[in-house]
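Trainee: Quick one: the structure is below, questions incoming.
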Amino acid sequence: MRILLVGAGLSGAVIARALAEAGHRATVIDARAHIAGNCHTERDAETGVLVHVYGPHIFHTDDEGVWAYVNRHARFRPYRNRVKSTAQGAVYSLPINLHTINQFFGRTMRPDEARRFIEAQADTSIADPRTFEEQALRFVGPDLYRAFFKGYTEKQWGCSPADLPASILKRLPVRFNYDDNYFFHRFQGMPEDGYTPVVASILDHPGIDVHLDTPFVSDMAARHDHVFWSGPLDGYFGYDLGRLGYRSLTFERFRATGDWQGCAVMNYGDPDVPFTRITEHKHFAPWETHEGSVLYREYSKACGADDTPYYPIRLVREKALLSQYVARAAGTGNVTFVGRLGTYRYLDMDVTIREALNAADAFLHAVQANARP
Ligand code: UDP
């Protein structure tokens, strides 16, 4: 069969590969001039630093199959994400751990003491936290919430944490020991030469053609037996019911020499600092040495028609609109909607790959079932 994959990011590449290995012809198109979607990495021409062009991406998963898959396509180096936060005139360790708690409150508590101390501040009347704010007040209490989450989240999402779902905060652990690893997954690492070579390796199969600088036009669908769409779900329908809301990011890129901030990611919790974080990209590849440095000051904003969508906003208005688009998508034959934009969900890379493998499997089973006499 002739399959069209719209988008050369992780979803498109993984599905194309699975279909090509099963003997189908896969054509992958992307409107951009490069593969790998928002995971795209490239070397800065002046300093040689490997830059995460669309913001930092750190691979972490509990899915052994996905970990084995990516390791077939690149050498992964061990990498631990250890984030810092500048808030209220001091630098703290994130995610909130015993060091953060002891520094913030000027104490020397052991784990059990800290647990009791935080529990005493927490609003235990919130039995079932539904919003981001309720989740924070229930599990870390008002002081830590104000220092690390309230201002940052208002900047990041452009709305009150009282309007956001608790699930966003549940991405972050709170620890009563000195473990400052941002993630708790078993497998964590960075591809040695960045993510674009990973995606290039996945796409490297004689059954796959890749066309860059190639936006989708509707008559392409007619020339293929099936389309996998990893672009924006509403974009497929020409936004005719209205636009699903996204947050977009602006990166103020600057160069420095040596080590400018001493870590890969410095968050800024205070509301009067206009950016959310600064990333120093050389620290994402600590096995490399570069004299120069490349940094991104990261600002979040509402996503306009010409901006790159990053984070789906799943508030009440969007959920209602989403269910209308999902119904449309379900009724659209020969098109499968995949990935973060195609399904309008806040997906990490590992989940994106797992879902892409599943989508390819489901498609291949359906093709086989139809072919049976
Ligand atoms: N967050 C925060 N302060 C921080 C880091 C994160 O308030 O210093 C909140 C913010 O709302 C963010 C969410 O926690 O959207 C999830 O954080 P994560 O680091 O997973 O966000 P990502 O790296 O995907 O932007």
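The sequence shown begins at 1 in full-length UniProt numbering and counts up by one.
Positions of the beta carbon are idealized from the N, C-alpha and C atoms, including for glycine.
Give me whichever residues DSSP pairs with Thr87 in a beta bridge.
Mentor: In the sequence shown, residue 87 corresponds to position 87, counting from 1. Looking at the sequence itself, residue 87 is Ala, so the reference to Thr does not match. Ala87 is bridged by DSSP to Ala90.
Trainee: Tell whether a beta-carbon distance below 7 Å holds between Pro309 and Ala31.
Mentor: Against the sequence shown, residue 309 aligns to sequence position 309. Against the sequence shown, residue 31 aligns to sequence position 31. Contact: no.
Trainee: To the nearest angstrom, how far is the alpha carbon of Leu94 from that of Arg43?
Mentor: Within the sequence shown, the letter at position 94 stands for residue 94. Within the sequence shown, the letter at position 43 stands for residue 43. For Leu94 and Arg43, the distance between alpha carbons rounds to 28 Å.
Trainee: Quick check: what's the CA-CA separation for Ser218 versus Glu133?
Mentor: Within the sequence shown, numbered from 1, the residue matching residue 218 stands at position 218. Within the sequence shown, numbered from 1, the residue matching residue 133 stands at position 133. Rounded to the nearest angstrom, the two C-alpha atoms are 43 Å apart.
Trainee: Please list the terminal residues of the continuous beta strand (DSSP E) segment that includes residue 378.
Mentor: No answer is possible for residue 378: the residues shown for the chain start at 1 and end at 373.
Trainee: Among residues of its own chain, excluding the 5 on either side of Arg115, which ones have a beta-carbon nearer than 6 Å to its beta-carbon?
Mentor: As a first step, residue 115 must be located in the sequence shown, where it is residue number 115. Once the five neighbours on either side are set aside, the close Cβ partners of Arg115 are Phe176.
Trainee: Assuming contact is defined by CB atoms lying nearer than 7 Å, are Gly245 and Ile353 in contact in what I supplied?
Mentor: The sequence position of residue 245 within the sequence shown is 245, counting from 1. The sequence position of residue 353 within the sequence shown is 353, counting from 1. No, Cβ-Cβ distance for Gly245 and Ile353 is not below 7 Å.
Trainee: Which residue wins for smallest C-alpha separation from Gly89, given the options Asn267, Lys170, Trp67, Thr289?
Mentor: The residue given as residue 89 occupies position 89 in the sequence shown. Nearest option by C-alpha distance: Asn267.
Trainee: Hey, would you say His283 sits closer than 7 Å to Cys303, going by beta carbons?
Mentor: On the sequence shown, position 283 is the one that residue 283 refers to. On the sequence shown, position 303 is the one that residue 303 refers to. Going by C-beta atoms, His283 is not nearer than 7 Å to Cys303.
Trainee: Quick check on Pro309: does DSSP put it in helix, strand or coil?
Mentor: Taking the first residue of the sequence shown as position 1, residue 309 is located at position 309. Reduced to three states, the DSSP call for Pro309 is coil.
Trainee: Exposed or buried, what is Asn334 when buried is set at 16 or more other beta-carbons lying within 10 Å of its beta-carbon?
Mentor: In the sequence shown, counting from the first residue as 1, residue 334 sits at position 334. Exposed, because fewer than 16 other Cβ atoms sit within 10 Å of the Cβ of Asn334.
Trainee: So, Gly194 versus Arg255, is the Cβ gap smaller than 7 Å?
Mentor: Counted from its first residue, the sequence shown places residue 194 at position 194. Counted from its first residue, the sequence shown places residue 255 at position 255. No. Outside cutoff.
Trainee: Taking the C-alpha atoms as reference points, what is the distance between Ile29 and Ala200?
Mentor: As a working note, residue 29 is residue 29 in the sequence shown. As a working note, residue 200 is residue 200 in the sequence shown. Cα-Cα distance, rounded: 14 Å.
Trainee: Pull up the distance between the alpha-carbon of Gln156 and that of Phe275, whole angstroms please.
Mentor: Taking the sequence shown and counting its residues from 1, the one referred to as residue 156 is at position 156. Taking the sequence shown and counting its residues from 1, the one referred to as residue 275 is at position 275. Gln156 and Phe275: Cα-Cα distance of roughly 9 Å.
Trainee: Where Ile101 and Arg186 are concerned, what is the direct C-alpha to C-alpha distance, given to the nearest angstrom?
Mentor: Sequence index remark: in the sequence shown, residue 101 carries index 101 (1-based). Sequence index remark: in the sequence shown, residue 186 carries index 186 (1-based). Cα-Cα distance, rounded: 25 Å.
Trainee: Among Arg372, Ala356, Ala371, whose alpha-carbon lies nearest the alpha-carbon of Ala8?
Mentor: Indexing the sequence shown from 1 puts residue 8 at position 8. Ranking the options by Cα distance to Ala8, first place goes to Ala356.
Trainee: To the nearest angstrom, how far is it from the Cα of Pro373 to the Cα of Asp361?
Mentor: Counting from 1 along the sequence shown, the entry for residue 373 is found at position 373. Counting from 1 along the sequence shown, the entry for residue 361 is found at position 361. Answer to the nearest angstrom: the Cα atoms are 21 Å apart.
Trainee: With Pro142 as the anchor, note down where its alpha helix (DSSP H) starts and where it stops.
Mentor: As a first step, residue 142 is located in the sequence shown; it is residue number 142 there, counting from the start. Where Pro142 is concerned, the enclosing alpha helix (DSSP H) stretches over 141-144.
Trainee: Whole angstroms are fine: how far does the CA of Gly48 sit from the CA of His290?
Mentor: Start at 1 with the first residue of the sequence shown, and residue 290 comes out as number 290. Start at 1 with the first residue of the sequence shown, and residue 48 comes out as number 48. If I take the Cα positions, the gap works out to 7 Å.
Trainee: Ile101: beta carbon under 6 Å from a heavy atom of the ligand UDP?
Mentor: The count along the sequence shown starts at 1 and reaches residue 101 at position 101. No - the ligand UDP has no heavy atom lying nearer than 6 Å to the Cβ of Ile101.
Trainee: Please identify the residue among Thr108, Ala285, Pro173 whose C-alpha is closest to the C-alpha of Phe183.
Mentor: Reading the sequence shown from its first residue, position 183 is the one you call residue 183. Ranking the options by Cα distance to Phe183, first place goes to Pro173.
Trainee: Say whether the segment 45-65 touches the segment 230-248, bearing in mind that this needs 3 or more beta-carbon pairs closer than 8 Å, one atom from each stretch.
Mentor: no
Trainee: So, using beta-carbon positions, are Asp209 and Thr27 closer together than 7 Å?
Mentor: Taking the sequence shown and counting its residues from 1, the one referred to as residue 209 is at position 209. Taking the sequence shown and counting its residues from 1, the one referred to as residue 27 is at position 27. Contact flag set, yes.
Trainee: Please give me, in chain order, every unbroken run of the beta strand (DSSP E) with length at least 3 that falls completely inside the segment 271-297.
Mentor: 277-280
Trainee: Do you know offhand how far Thr61's Cα is from Ser11's?
Mentor: As a working mapping, residue 61 is identified with position 61 in the sequence shown. As a working mapping, residue 11 is identified with position 11 in the sequence shown. Each residue's Cα considered, the two are about 16 Å apart.
Trainee: Kindly examine the ligand UDP and report whether one of its heavy atoms sits closer than 6 Å to the Cβ of Phe149.
Mentor: In the sequence shown, counting from the first residue as 1, residue 149 sits at position 149. The answer is yes for Phe149.
Trainee: So, at 6 Å on beta carbons, what are the nonlocal neighbours of Ala147 in its own chain, with the 5 sequence-adjacent residues on each side left out?
Mentor: Sequence index remark: in the sequence shown, residue 147 carries index 147 (1-based). Around Ala147: Ala87, Gln88, Gly269.
Trainee: Is Gln156 near the ligand UDP, in the sense that its beta carbon is under 6 Å from a heavy atom of that ligand?
Mentor: Walking along the sequence shown from the start, residue 156 turns up at place 156. Answer for Gln156: yes, Cβ within range of the ligand UDP.
Trainee: Start and end of the alpha helix (DSSP H) containing Gly12?
Mentor: For the purposes of this step, residue 12 is taken as residue 12 along the sequence shown, with counting starting at 1. Counting along the chain, the alpha helix (DSSP H) containing Gly12 begins and ends at 10-21.
Trainee: With a threshold of 8 Å on Cβ separation, who are the neighbours of Leu295 within its own chain once the five nearest residues in sequence on each side are excluded?
Mentor: Translated into the one-based positions of the sequence shown, residue 295 becomes position 295. Excluding sequence neighbours, Leu295 sits near Arg253, Phe254, Arg255, Ala256, Trp260, Gln261, Ile278, Thr279, Glu280, His281.
Trainee: If you follow the alpha helix (DSSP H) that Ile202 is in, where does it begin and where does it stop?
Mentor: One-based indexing of the sequence shown puts residue 202 at position 202. Note, Ile202: alpha helix (DSSP H), 195-203.
Trainee: Please go through the segment 227-273 and give each complete beta strand (DSSP E) segment of 3 or more residues, from N-terminal end onward.
Mentor: Listed in chain order, the beta strand (DSSP E) elements of length 3 or more contained wholly in the segment 227-273 are 246-257, 265-268.
Trainee: CB Leu4 to CB Val227, shorter than 7 Å?
Mentor: Residue 4 sits at position 4 when you count from the first residue of the sequence shown. Residue 227 sits at position 227 when you count from the first residue of the sequence shown. In this structure, Val227 lies closer than 7 Å to Leu4 by Cβ.
Trainee: Any idea what DSSP makes of Phe117, helix, strand or coil?
Mentor: Walking along the sequence shown from the start, residue 117 turns up at place 117. In this structure, Phe117 counts as helix in the three-state DSSP scheme.
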